[in-house]
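J.: Dumping the structure here so I can ask a few things about it.
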Amino acid sequence: MNYWLMKSEPDTFSIDDLKRKKQEAWDGVRNYQARNFMRDGMRPGDKVFFYHSNCAVPGIVGIAKVATEAYPDPSQFDPKSKYFDPGSTRDNPRWMLVDVKFVKKLERTISLKELQADPALDGMVLLRKGSRLSVQPVEARHWKHIIGLE
DNA sequence: GCCAACGTTGGC
DNA sequence: GCCAACGTTGGC
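Numbering (the UniProt record's numbering), first residue to last: 1 to 150.
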């Protein structure tokens, strides 16, 4: 089993939204590296940190799990969607996604600030300078350490 | 709202 | 293939 971290802007889709909907297709990822992690790395049952970005207190707010194998992101074919990609075809879809299932909301937000200050988390992709990846792997040792912080 | 870092596009 | 211009991400 692998561990992951997925970013979402709470104004767009928050941990509370996932809690209410229980499961959600993680659409709109338009970065090849992030796509590759979903397509090639994720398997149903993998665990995911749900991260709030671009907000007052960015940080890890919950836990989810991968619910499906990767499949084509429907929004790429929808001309009305802001994620529409005219360069992608149904025969050869460019963008893939997985469904993500709610597991729990953390008792508290484990803030980016707190993660940055923790020497045990040195090397985390999230903490690398300039890192903008919205879907990224988490090492097992980092996962276990962060779980212990809640 | 600012801006640094990064990714993509397209002319050459 | 290079690289300038542009668009996006996301912390602050």
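Every residue gets a Cβ at the ideal spot worked out from N, C-alpha and C, and that includes glycine.
#1: Give me the Cα-Cα distance between ARG35 and VAL29, rounded to the nearest whole angstrom.
#2: Where does GLY41 sit, in a helix, a strand or coil, going by DSSP?
#3: Tell me, which residues are paired with LYS22 by DSSP?
#4: Tell me the rounded alpha-carbon separation between ASP46 and ALA70.
#5: Give me the Cβ distance between VAL125 and GLN136, rounded to the nearest whole Å; I'm assuming they're in contact under 8 Å.
#6: Let me know if LYS22 comes out buried or exposed under the rule of 16 or more other beta-carbons within 10 Å of its beta-carbon.
#7: Identify the continuous alpha helix (DSSP H) that holds GLN76 and give its terminal residues.
#8: Does the Cβ of ASP78 have 16 or more other Cβ atoms within 10 Å, making it buried, or fewer, making it exposed?
#9: State buried or exposed for VAL57, treating a residue as buried only when at least 16 other CB atoms are found within 10 Å of its CB.
#10: Quick check on DSSP: helix, strand or coil for LYS129?
#11: Expressed to the nearest angstrom, what Euclidean distance is found between the alpha-carbon atoms of GLU139 and GLY41?
#12: Can you list, in chain order, the residues of its chain with a C-beta nearer than 6 Å to that of ILE63? Leave out the 5 residues immediately preceding and following it.
T.: Put simply:
#1: ARG35 and VAL29 have their C-alpha atoms spaced approximately 7 Å apart.
#2: Three-state DSSP puts GLY41 in a helix.
#3: Residue pairing for LYS22: DSSP places it in no beta bridge.
#4: ASP46 and ALA70 have their C-alpha atoms spaced approximately 13 Å apart.
#5: Indeed, because the Cβ distance is near 4 Å, the residues count as touching under 8 Å.
#6: Counting every other CB atom within 10 Å of its CB across the protein chains shown gives LYS22 a total below 16, marking it as exposed.
#7: No residue range can be given for GLN76, since it is assigned to no alpha helix (DSSP H) and is classified by DSSP as neither H nor E.
#8: By the beta-carbon neighbour count (other beta carbons within 10 angstroms, threshold 16), ASP78 is exposed.
#9: Counting the other Cβ atoms within 10 Å of the Cβ of VAL57 gives fewer than 16, which makes it exposed.
#10: It is coil, neither helix nor strand.
#11: Those two C-alpha atoms are separated by around 13 Å.
#12: Its chain contains VAL103 and LYS104 as the residues whose beta carbon lies nearer than 6 Å to that of ILE63, once the 5 sequence neighbours on both sides are disregarded; these appear in chain order.
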